[in-house]
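Taken in order, the sequence shown gives residues 3 to 561; the numbers are from the numbering used here.
Even for Gly, the Cβ is constructed at its ideal location relative to N, Cα and C.
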Amino acid sequence: MGSPDSKTSLVKNRHDTGGAYQSIGRPDEKPGLSTWDMILLTLNLAGIQFTWTVELSYGTPYLLHLGLSKNQVALVWLAGPLSGLIIQPLVGAFSDRSTFRLGRRRPYIIIGGLLVCLSMIAVAYSKEWADIFVRWKGWEDSEHTKTSIAIWIAVVAFYFLDFSLNAVMASCRALILDIPPPRQQELGNAWAGRMIHFGNVIGFTAGYIDWIGYFPLLGDSQLKVLCSIAILTLVLSLLATCLSVSEEAYVNIDENNEPWYYTLVSIYRAFRYLPVPVQKVCNVQFFAWMGWFPFLFYSTTWIRDIHVTNNPHNDNAYEEGTRYGSLALLLYSIISVIAGVILPQLTATSTPICNQFTIYNIYTASHIMFALSMLATYFVGDVPQAMVVLASVGIPWAASMWIPYALVGEFVAIKDERAIAANADIRPVDNHDIEQVIAESSSSASESTLPLSLDEEIKTNDENSRTEDASDNEEEEEFDAGTVLGIHNMYIVFPQFVISLISSAIFSVVEAKRQGLHDGEGDEGVAGDVGIVLRFGGLMAIIAAILSRSLVHIPITGR
3 MGSPDSKTSL
13 VKNRHDTGGA
23 YQSIGRPDEK
33 PGLSTWDMIL
43 LTLNLAGIQF
53 TWTVELSYGT
63 PYLLHLGLSK
73 NQVALVWLAG
83 PLSGLIIQPL
93 VGAFSDRSTF
103 RLGRRRPYII
113 IGGLLVCLSM
123 IAVAYSKEWA
133 DIFVRWKGWE
143 DSEHTKTSIA
153 IWIAVVAFYF
163 LDFSLNAVMA
173 SCRALILDIP
183 PPRQQELGNA
193 WAGRMIHFGN
203 VIGFTAGYID
213 WIGYFPLLGD
223 SQLKVLCSIA
233 ILTLVLSLLA
243 TCLSVSEEAY
253 VNIDENNEPW
263 YYTLVSIYRA
273 FRYLPVPVQK
283 VCNVQFFAWM
293 GWFPFLFYST
303 TWIRDIHVTN
313 NPHNDNAYEE
323 GTRYGSLALL
333 LYSIISVIAG
343 VILPQLTATS
353 TPICNQFTIY
363 NIYTASHIMF
373 ALSMLATYFV
383 GDVPQAMVVL
393 ASVGIPWAAS
403 MWIPYALVGE
413 FVAIKDERAI
423 AANADIRPVD
433 NHDIEQVIAE
443 SSSSASESTL
453 PLSLDEEIKT
463 NDENSRTEDA
473 SDNEEEEEFD
483 AGTVLGIHNM
493 YIVFPQFVIS
503 LISSAIFSVV
513 EAKRQGLHDG
523 EGDEGVAGDV
533 GIVLRFGGLM
543 AIIAAILSRS
553 LVHIPITGR
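Quick look at the structure:
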């Protein structure tokens, strides 16, 4: 990916953050990226997702094996939403302002990647670290003491792992918004989705292999071996991206230093005055992820419990059910890879049939399909049926990993290009073409069912200001990619807090009912509590589908 011409003049000043920053780059539209460039740009996401699958697949069993209860494990998994709520906005805002010679995003990718590796080592070898600590302190060498310390090490390491993973993910996602031009934002995020799906497939496949038999030197447990492989995969993928991408270096040209708290102020302002097109995507994401979190955290448990319920006299039913759950997630990942390749091609094909497969229609259909899959869990009675339901979710998952990020990326990129054009006296987007697209779309569709255009939404927003404070400003609020992505991620992690409370309440009620019944009857309700949570997620997906019909259409030339 070619680096900017160092002889060109200043094309961008950023005053929206309180200080002034400049970047030296081409005074024209960014050049398009080749397929190989796209692969290298997004390869890091495959390594991140592989690492995430290891945590997702083995985190809960490992913590339970150490001696934590289910309620305690639920508290540990609050690390995910907490890190997304705190780390991603902070990293996005700080990286927007960073003036490192290496670029704005890559320093955070490198530092975050290092912390991920250290955290995984701490998780995998928590028992060994606990033994070393007990010996170092000279405490009584009891199993209870070492287990307690191992639990603390594992819990703290899991929190560090989630926080550092979110830092790396935030920087990598922002990099995808920074590098490609607006017309390639949809393509770039499609490649990002493919890499995530690819990481899922490799991760779940790796979890199925008996690594201890093949590579005993890497560890004496499956978790240790997988953590070693995940570290190697993550390092190689991050290096491939960092070494192949050229970033613009920003220089602070304002002599007045910003106060330390200004980053927090900018995050608040971004959350308060988020542009309407992005706000509407975030609203959809909030309800969409109210459905996705139950699936991601409880789908394997759902299949396992169904198998245990149907085989009460099988001593190996628990282990068999867990493997069936892993197999279902593997099938779902394979289908998501295929869908991640096919769906973007449908939006790029100009035929009477494919013209109906717009990015907005696909997004709505994906929510409807996910809702139907989750509601269908009510009728599932055996493992094969459950595996079919979970595997079908691969299609809407492919859309969810591509479309919302593409919509946010296109908006941020086109606003950035227009700002550059204003400073460099160029016009990367033809306004006449945009007006023509708006006129054609408004004459052929109803406003109540089709997404609005970007310019129509901005005009409406100007006439009906969102707040009195915003109406007093002559210029629209401007926020950089990292900050916008951080706020977008907050709308993804908020639902996890809500779902944690709802699922805990459901589990508590069902558990109380189960304990009040005889042993033989109690097990029949085990899979029912998880099914209720999944079906609640399906209802939330219906709301997301309805909200997705009001998304703002962003016309991009050259796409």
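The C-beta distance from PHE52 to ALA232 rounds to 6 Å, short enough to fall under 8 Å.
In this structure ASP164 is not in contact with SER230, their Cβ atoms being roughly 20 Å apart against a cut-off of 8 Å.
At a Cβ-Cβ threshold of 8 Å, THR366 and SER510 do not count as neighbours.
The C-beta separation of LEU35 from GLN186 comes to about 6 Å, placing the pair in contact by the 8 Å criterion.
Under the three-state reduction of DSSP output, HIS555 falls in the strand class.
Going by C-alpha positions, ARG99 is about 19 Å away from SER166.
Three or more Cβ pairs closer than 8 Å define a contact, and the stretch 401 to 414 meets that threshold against the stretch 177 to 192. For the alpha helix (DSSP H) assignment, the stretch 129 to 176 encloses no uninterrupted run of at least 4 residues. Note on geometry: alpha-carbon atoms of THR324 and THR302 lie some 7 Å from one another. Distances from the alpha-carbon of PHE372 to those of PHE297, PRO386, ILE416 put PHE297 closest.
Counting only residues of its own chain and dropping the five nearest sequence neighbours on each side, ARG537 has a CB closer than 7 Å to the CB of MET376, LEU377, THR379, TYR380. Judged by pairs of C-beta atoms under 8 Å, the stretch 108 to 128 does not touch the stretch 194 to 203, as fewer than three such pairs exist.
Straight across, the Cα-Cα distance linking GLN224 with THR62 is about 14 Å.
When only Cα atoms are considered, LEU503 and VAL486 end up about 27 Å apart. By the C-beta density criterion, GLN287 is buried, having at least 16 other C-beta atoms within 10 angstroms. Within the same chain, ALA124 come within 8 Å of VAL158 by CB-CB distance, once the 5 residues on both sides are set aside. Around LEU333, the same chain offers MET389, LEU392, ALA393, GLY396 as residues with beta carbons nearer than 8 Å, after the five sequence neighbours per side are excluded. One alpha carbon belongs to ALA156, the other to GLY539, and they sit about 30 Å apart. Boundaries of the alpha helix (DSSP H) harbouring HIS309: 278 to 312, taken from the DSSP string. If you draw a straight line from the Cα of PHE162 to the Cα of GLN90, it is about 14 Å long.
Secondary structure at PRO497: helix, using DSSP grouped into helix, strand and coil.
Ranking TRP399, LEU541, ARG306, TYR320 by CA distance to the CA of ASP384 puts ARG306 first.
Residue nearest to ILE370 within the set ILE545, VAL227, VAL512 is ILE545 (criterion: CA-CA distance).
Between SER338 and ASN202 the beta-carbon gap is near 7 Å, inside 8 Å, which marks them as a contact. In this model, PRO277 and LEU92 are separated by some 19 Å (Cα to Cα). Collapsing the DSSP output to three states places GLY34 in coil. 8 Å or more divides the Cβ of ILE548 from the Cβ of ASP531.
Per DSSP, GLU250 lies in no alpha helix (DSSP H) and is assigned neither H nor E. Pairing TYR127 with LYS226 gives a Cβ-Cβ distance under 8 Å. The three-state secondary structure of GLY105, taken from DSSP, is coil. The Cβ neighbour count for ALA81, taken over all protein chains shown within 10 Å, is at least 16; the residue is labelled buried. DSSP places HIS315 in the coil class of the three-state scheme, outside both helix and strand. With distances taken between CA atoms, ASN168 lies nearest to LEU116 out of GLU145, LEU116, TYR216.
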